[in-house]
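This report refers to the structure that appears directly beneath it.
In the working numbering, the protein residues as written are 1 to 238.
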């Protein structure tokens, strides 16, 4: 314990050692449309880590399918279509390992008591399946943490090793676990970032929607090589 020095004290003062910062990990979560999921994880980053706009790491994107130079949303040119490549919609974030259980709870809280995701009556199919990615996949210690969090919060979900490449179904109350190294994240197009949600009542403030252009201007949004919209216009989904 550092000692306070007095004017007549010859005791050597030992400086307190600052707490070593954790090496952050990349994780991703998916359950239905990534628009609402991104919003919930943005709010979690603010609440849990106190992050400001330019520090946010939550990004909408794709994972769980075939590796490809381009993984894109459906577009007129059929360039790297994420569905055809077996990917699902996810949200990636970069967090300190010690906070993983808190973000795991954010994910679990997205499901109702029967294990249904928020938009189960909307988007359906493998593109919207439940999945999560952590370093090491099912062999990761984070999976045990996730299972414990799930059990402590309604025990809504079961977990299984994801096969990837579109071979995992869209199943209620079942989450497929991926290895972030073997099944990397692909950032989605700018027009999908910080978008209003799919369901009624998920119209978010302009300050939230504007984060996409704000972070793109600061060159921290992440760049997708894909057409920015159905036709590449970049507005109104076109």
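Glycine included, every Cβ here is placed at the ideal spot set by N, Cα and C.
No experiment lies behind these values; they were computed from the predicted model shown.
| Check | Outcome |
| --- | --- |
| Going by DSSP, which residues form a beta bridge with residue 127? | Paired residues: none, contrary to the question. |
| What separation, rounded to the nearest whole angstrom, lies between the Cα atoms of residue 58 and residue 212? | 11 Å |
| For residue 73, which three-state DSSP category applies? | coil |
| Looking at residue 64: is its Cβ nearer than 8 Å to the Cβ of residue 164? | yes |
| What number of angstroms, rounded off, separates the C-alpha of residue 171 from the C-alpha of residue 209? | 30 Å |
| Taking only the alpha-carbon atoms, compute the straight-line gap between residue 66 and residue 182 and give it to the nearest angstrom. | 10 Å |
| Consult DSSP for residue 23 and reduce its assignment to one of helix, strand or coil. | coil |
| Say whether the segment 99-110 touches the segment 214-224, bearing in mind that this needs 3 or more beta-carbon pairs closer than 8 Å, one atom from each stretch. | no |
| Does the separation of the CB atoms of residue 28 and residue 117 fall below 8 Å? | no |
| How many Å lie between residue 53 and residue 39 at the Cα? | 13 Å |
| Going by CA-CA distance only, name the one from 138, 136, 193 and 106 that's closest to residue 149. | 106 |
| I believe residue 70 touches residue 226 by the beta-carbon criterion, under 8 Å. Please report the beta-carbon distance rounded to the nearest angstrom. | 6 Å |
| Which runs of the beta strand (DSSP E) fall wholly inside the segment 64-108 and span at least 3 residues, in chain order? | 88-95 |
| Determine the contact status of residue 158 and residue 129, defining contact as a CB-CB distance below 8 Å. | no |
| May I ask you to report which of helix, strand or coil DSSP gives residue 179? | strand |
| Using beta carbons (cut-off 8 Å, strictly below), is residue 132 in contact with chain C? | Considering every chain present, this structure includes no chain C. It has just one protein chain. |
| Please classify residue 137: does DSSP put it in a helix, a strand, or coil? | helix |
| Am I right that residue 156 and residue 185 are in contact with their C-beta atoms under 8 Å? What's the rounded C-beta distance? | Incorrect: roughly 24 Å between the Cβ atoms, too far for contact. |
| Alpha carbon to alpha carbon, what distance is there between residue 61 and residue 187? | 4 Å |
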